[in-house]
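Notes follow the structure.
Residue numbers (the working numbering): -11 to 231.
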């Protein structure tokens, strides 16, 4: 079984939240332009206005509550999805509307749903395909797909996974092999952060290698179950995962 337990998933989501928002608390109301070529980044999973996942959250919510502050942005977001447009000039007031709407528990539930459909479940499917069994291995997959996306481009989670499979001559075959396999996966991911194919990602991604370095630290510590407490101390962050 590849899916993490509820406790394991919570720890992993806290880890990702530290590097997304410098807190272990999921930030449903977060919104800003981090200039990574994807437009505004918003919500608990960094849903982007330039790549379609923010649109997915908003359209699902709007189907239940049509008169919401974000509904007016749907036509623009639909155009951005097809053109991969990262321009935010036509989205004046978007972040204010996102933050306002995030006070609604239903909107938060749709963020959770889209996160699972687009990121968590595909990451766990990847874990099944690669025979990843440990919590740390699965969390490495999940954290990667959150940052790199689940598309087909050379900087994506799928590309990193397939490059690792090629480099390791196949999938994981035993626990010792998983340690080596995940280490290689994270090394390849770090190289993508430093030298992405899409140069628009470079300025922001190159500053986030501590996100991968700490996962590699957990590998060296053999903390494959992500046993807590985990103090995540890097050059940019200092947070503790307690449970």
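Glycine residues also receive a C-beta, built at the ideal position from the N, C-alpha and C atoms.
Small disclaimer: the values here were computed from a predicted structure and weren't measured.
Where the beta strand (DSSP E) containing residue i begins and where it ends
i	result
residue 39	Note, residue 39: premise wrong, no beta strand (DSSP E); not H, not E.
residue 30	28 to 30
Beta-carbon separation (whole angstroms), residue i vs residue j, contact threshold 8 Å
i	j	result
residue 214	residue -4	7 Å
residue 124	residue 180	Wrong, their Cβ atoms sit about 19 Å apart, outside the cutoff.
residue 94	residue 52	6 Å
residue 89	residue 56	6 Å
For residue i, the first and last residue of its enclosing alpha helix (DSSP H)
i	result
residue 173	163 to 182
residue 9	-6 to 9
residue 13	Unbroken run through residue 13: none, as it is neither H nor E.
residue 122	Where residue 122 is concerned, there is no enclosing alpha helix (DSSP H), given that its DSSP letter is neither H nor E.
residue 85	82 to 89
residue 99	93 to 103
residue 201	198 to 208
residue 193	190 to 193
Residues bridged to residue i [DSSP beta-bridge criterion]
i	result
residue 237	Only positions -11 to 231 of the chain appear in this structure, which leaves residue 237 out of reach.
residue 19	30
Contact test: residue i Cβ vs the ligand FMN heavy atom, cutoff 7 Å
i	result
residue 171	The model on display carries no ligand, and the ligand FMN is accordingly not part of it.
Closer than 8 Å to chain B by CB, residue i
i	result
residue 231	The structure shown contains no chain B, having only a single protein chain.
Mind pulling the alpha helix (DSSP H) runs of 4 or more residues that sit fully within the stretch 139 to 163? 145 to 155
If we count Cβ pairs, one from each stretch, closer than 8 Å, do we get three or more for the stretch 171 to 178 versus the stretch -1 to 19? no
For the 8 Å Cβ check, are there 3 or more pairs between the stretch 133 to 149 and the stretch 112 to 123? yes
Contact between the stretch 220 to 231 and the stretch 134 to 141: three or more CB pairs below 8 Å? no
Three or more C-beta pairs closer than 8 Å, one from the stretch 93 to 101 and one from the stretch 26 to 44: is that the case here? yes
May I ask you to verify whether the stretch 16 to 25 touches the stretch 78 to 89, counting CB pairs closer than 8 Å and requiring at least 3? yes
Within the chosen definition, does the stretch 186 to 194 reach the stretch 22 to 42 through at least 3 CB pairs nearer than 8 Å? yes
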